[in-house]
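These notes concern the structure reproduced below.
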């Protein structure tokens, strides 16, 4: 490879490579000023996402309890010539209603054609893609041929529809007609069941129908116990018009195929039954319903036999009522299976509930399998009665006003319950009704806002909604004109759609009727608020790998350019999901990398690694592995250089994605690893000096500028790339990070780093890592291989395609063989998507994090007058198996945290209950801090790691390496900045650097080297001054340094005093500018404003182990290696001696209460209360 200025020309075909320098690419977009970006609040991390490696699995749609759809309907009925004649004079002049025709006046020769036309039309009107067969009084030979149907339909459900009118009484068989004897002959139901085989559906519309059900159930149960075939003999449904001892009603005004009429013409049947029940004496005559009913039915079906809007309204009302009733009474898994299934299944089950309701006054009780309870007495049926009565028989009421009444009442009830905080106590049917709102409902917008508010209130609320809502209902509302023109309504609907995605993963079966261009328009609509556009980006990111229409839109050049423009001014939330959109593009095929390269979008994406939001940084680094490409050396080096500082990030999600990025980078250049070695060791240098060594920069780099100024970072990357050996250097830097992260405190990061490091060692032939397995490691490294792909975990692939983990890019289809093709992208994108969705859903539907209350809840207490006027009382005692190394009180209570030599942390609540956390090494520092309204334990371990723990979870919220080599045991010092700040300081003796971090953004802010960088100056103590601007640093030589953390120059020292004293054990403050330092040789010094340093006291022939200063009084507590702890006044007088603890104890005062805790060397913890006499 040769270089020419900043052009970075590469040998090879120019058409196949992209070689624009960074300064040219950064002119294509306006980089954001990330140093002004808003810090994120404390992340909503949970134990479930700590194992990020397990979380990083492909995202597939998981529809709830899918069942086989009906593929074929087979009707069996008798011929009209076998219909029984009237058995009394009363029935002689009455019609025989069958298929809504009077069969007594229909020619038998026309019967078969009527059957075919009527039933085909009814079934196909519900499901268009349906095969239909029928037989009228078939012979036994024809009936036996029914088995051929299953051979033709191998997987779908076969619906067997039997109408018994005209056949003999059903028992254990159905009937065929023998033309030789002119009689019906038996066809056993067991043979029918064997021939059709599940999945099947039986409808028996006849008297005594349950007899058939019992036979089939016995057969199915027997076969389930004895058969070992792949057939699921339990996968069958059954509807029976009557129970075993009941007959269908003999009323001549009712259809002889009553159950069939309910299932296929529910509104007509309901109106008929309503007239017979309430208007029989006034409206019913001999010809009813075939003549007089038509006048009433004209309101639902005009002269052309076309259904009217009123019919649609009644149908929607019926569907709403049946769904609401079923949701309350039927087990959830059955409800989700059959009432959220395909249209035919859902319609038939809904109408079966109507049959229960209509047959109950006639003392007939239909049965079913799966067994549905008798729901005919539910109060909601009264609304159907009212709706039918008002809409059909009243000339005074404007129709269809009744239709919205049920929704208005449900919405009023729901709104009132939200106001009274009783929504969780609402009946289920209220929610089901609200999820059936018609498009013309005037308060549809208000309803969605209330539902979104409820969903954001708690996980339980979201669980209720997602059980009974459907994504199609929400999505159709989201893309309606009224919502697209109303940002607030659109925002609510978008949030509900995301809640459904997060909960149900039902996003692959969207109907083609949805125009996904509307989502693109909403995303780039600047009239929408950014938080609303962010919700749109969540939906787009979700759909890209699963919806072809959305994928084609997203990978277009127009979309890419719009995305680049939006990222120039996007907020943190919108930036996060815009980057995830890019990442999700690579979960499907069709991405043109030259669109990214030519637009500079790959560089813009990498720039977001500097964003103050940890999730935004993680999203950027999760996308960059997909932009790396074999043969694109310039692009690869640019991306690696811009992302390399993520290896020092405090957020484990960022580091997890970074180590996968390193793996992808090294896998491309595996042939160049032999002979290469890692650049840099962290034993005794700062991060900034390490970066200088990578670029051979003689000047001192300001890390604070590098990690906040994109231009400065670009200049550093260009400095490295100007070298002839730039590619080798970047490979060596990647190898360094593989070594450095081998001892990462997070197990998922550590696991991948060790795999990569062992592979690079195998390729280079140089063993550099001499680490040890930490105690909380969850996996051991695998054996070294010569191929990175062999150790790569499965990446994220599109759910509709199968893909291998090979880098054979020629397998990716493309219209242009010369253009770069995206590799199978193995990054943490899947885990990041899940975490970001969860975080957004938890935050609430307005997508704005609750502002954190910075006010302190610390107790206030009057100062104690010590000397002879005090006494101490032992109030609590605890015993632990290990040795306690550090203590810290909770400022808001009497709870206390204890750190142990074996790496465990215990948080003892006021009620005595203990929460525990196990860390990787000895706890060397510990602090309990209040940030916002939450308390956190901040722990430092002697292998150079720092942890944040909320004391309620099983795993830390944040863990990272602060400094140095883990093989050198040296206390990791931590000091929180004052006034509930999220910033904290770290230092570790073997490096001598002080670093400032931000827990909110989980970023390194800056670092300083207060003294010369050598092994003799070891930091042993650290204290942030109460003014929040300065830090007191103590050394093993007795040196004390006051450092100004507002300065960018890390060598700035305000003042230093060296006394002829030994190692400084600890530093404490009292007030704004008064400080105390304990020295190992037994001396305690005091100074104010870093002047007039005096020796406060001295313990002869002893070494101080631990000490603390009480905030409210002039007293300190001191323990030594030879004597038990003592309370000592500032004039050196011993007030109380706590002999229970013994020597080498650890001591700690409460910040506000007169309490002191003392931990003995053998694991005993004593808490003393200090009283005035």
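In my numbering, the protein residues as written are 890 to 2062. Beta carbons are placed, not taken as given, at the ideal position from N, Cα and C, and that holds for glycine. These numbers were taken from a predicted model, which means no experiment stands behind them.
Checklist entry - When we look at the beta-carbon of residue 1446 and count the other beta-carbons within 10 Å, is it buried (16 or more) or exposed? => result Taking a 10 Å sphere around the C-beta of residue 1446, we find fewer than 16 other C-beta atoms and assign the residue as exposed.
Next on the checklist: Using a 10 Å radius around the Cβ and a threshold of 16 neighbouring Cβ atoms, would you call residue 1168 buried or exposed?
Outcome noted: Flag for residue 1168 reads exposed.
Checklist entry - Does the distance from the C-beta atom of residue 1080 to that of residue 1073 stay below 9 Å? => result Their beta carbons are not under 9 Å apart, which means residue 1080 does not touch residue 1073 by this criterion.
Checklist entry - Using CA coordinates, which residue listed in 1545, 1485, 1489 is at the minimum distance from residue 1506? => result The option with the nearest alpha carbon to residue 1506 is 1545.
Item to check | C-alpha gap between residue 2044 and residue 2037, whole angstroms | outcome: Counting only the Cα atoms, residue 2037 lies some 9 Å from residue 2044.
Item to check | Where the alpha helix (DSSP H) through residue 1222 begins and ends | outcome: Element bounds for residue 1222: 1221 to 1227.
Item to check | Same chain, Cβ closer than 7 Å to residue 1213, five either side skipped, listed in chain order | outcome: Answer for residue 1213: 1269, 1318, 1321, 1322, listed in chain order.
Checklist entry - To the nearest whole angstrom, what separates the beta carbons of residue 1492 and residue 911, a pair I think is in contact under 8 Å? => result Contact holds; Cβ gap of about 7 Å.
Checklist entry - Which residues bound the alpha helix (DSSP H) around residue 1156? => result DSSP places residue 1156 inside the alpha helix (DSSP H), whose first and last residues are 1155 to 1167.
Item to check | C-alpha distance - residue 1800 paired with residue 1985, whole-angstrom precision | outcome: The C-alpha of residue 1800 lies about 38 Å from the C-alpha of residue 1985.
Checklist entry - Taking the C-alpha atoms as reference points, what is the distance between residue 1215 and residue 1221? => result C-alpha separation (whole angstroms): 9 Å.
Item to check | Closest by C-alpha distance to residue 1404, when choosing among 1131, 1370, 1970, 1423 | outcome: Taking the Cα of residue 1404 as reference, the smallest distance to any Cα among 1131, 1370, 1970, 1423 is reached at 1370.
Checklist entry - So who's on the other strand from residue 1773, going by DSSP bridges? => result Its beta-bridge partners are 1789.
Item to check | Buried or exposed (CB count within 10 angstroms, at least 16 for buried), residue 1512 | outcome: Label assigned to residue 1512: buried.
Item to check | residue 916 and residue 1456 closer than 9 Å at C-beta | outcome: No; because the gap between Cβ atoms is not below 9 Å, this pair is not in contact.
Checklist entry - Rounded to the nearest angstrom, how far is the Cβ of residue 1827 from that of residue 1778, given a contact under 8 Å? => result In fact, because the Cβ distance is near 13 Å, the residues do not count as touching under 8 Å.
Checklist entry - How many angstroms separate the CA atom of residue 1311 from the CA atom of residue 1303? => result When rounded, the distance between both Cα atoms is 9 Å.
Item to check | Best match in 1554, 1601, 1636 for proximity to residue 1619 [C-alpha to C-alpha] | outcome: Relative to the Cα of residue 1619, the nearest Cα in the group 1554, 1601, 1636 belongs to 1554.
Item to check | Beta-carbon proximity list for residue 970, same chain, < 7 Å, skipping 5 on both sides | outcome: The answer, listed in chain order, is 997.
Checklist entry - In three-state terms, what does DSSP make of residue 1989? => result When secondary structure is reduced to three states using DSSP, residue 1989 falls in the coil class, being assigned neither helix nor strand.
Checklist entry - Quick one: Cα of residue 1161 to Cα of residue 1076, how far? => result Looking at the two C-alpha atoms, the distance is approximately 35 Å.
Checklist entry - Does the Cβ-Cβ distance between residue 1787 and residue 1634 come in under 9 Å? => result Not a contact, by the Cβ cut-off of 9 Å.
Checklist entry - Rounded C-beta distance between residue 1536 and residue 1629? I'm assuming under 8 Å. => result Right, the Cβ-Cβ distance comes to about 7 Å (below 8 Å), so this counts as a contact.
Item to check | Cα-Cα separation between residue 1171 and residue 1278, rounded to whole angstroms | outcome: Cα-Cα distance, rounded: 15 Å.
Next on the checklist: Going by DSSP, what residue range makes up the alpha helix (DSSP H) through residue 1496?
Outcome noted: Looking at the DSSP string, the run of the alpha helix (DSSP H) that includes residue 1496 is 1490 to 1496.
Checklist entry - Can you list, in chain order, the residues of its chain whose CB lies under 8 Å from that of residue 1028, leaving out five sequence neighbours each side? => result When the five nearest sequence neighbours on each side are left out, the beta carbons in the same chain lying within less than 8 Å of the beta carbon of residue 1028 are those of 1065, 1066, 1067, 1068, in order along the chain.
Checklist entry - Mind checking whether residue 1096 and residue 1026 have CB atoms under 9 Å apart? => result It is not a contact, given that the beta carbons lie outside the stated cut-off.
Item to check | Straight-line Cα distance separating residue 1870 from residue 1956 | outcome: Each residue's Cα considered, the two are about 20 Å apart.
Checklist entry - Relative to the alpha-carbon of residue 1651, which residue among 1922, 1562, 1336, 1821 has its alpha-carbon at the smallest distance? => result Per the Cα distances, 1562.
Next on the checklist: Just to check my reading of the structure: residue 1207 and residue 1262 have Cβ atoms closer than 8 Å, yes? What is that Cβ distance to the nearest angstrom?
Outcome noted: Contact doesn't hold; Cβ gap of about 19 Å is too wide.
Checklist entry - Where are the beta strand (DSSP E) runs, 3 residues long or more, that stay fully inside the region 1808 to 1859, in chain order? => result Runs found: 1812 to 1820, 1823 to 1830, 1834 to 1838, 1847 to 1850.
Checklist entry - Any idea which residues DSSP pairs residue 2053 with across the strands? => result DSSP output for residue 2053 lists 1768 as bridge partner(s).
Next on the checklist: For a test of the three-state rule: what should DSSP assign to residue 1135, helix, strand or coil?
Outcome noted: Of the three classes helix, strand and coil, the one that applies to residue 1135 here is coil, per DSSP.
Checklist entry - Can you tell me where the alpha helix (DSSP H) with residue 1872 in it begins and where it stops? => result Element bounds for residue 1872: not the alpha helix (DSSP H) but the beta strand (DSSP E), 1872 to 1877.
Item to check | Alpha-carbon to alpha-carbon, residue 2034 and residue 2009 | outcome: Roughly 7 Å between the two C-alpha positions.
Next on the checklist: Quick check on the burial criterion: 16 or more other C-beta atoms within 10 angstroms. Buried or exposed for residue 1439?
Outcome noted: Flag for residue 1439 reads buried.
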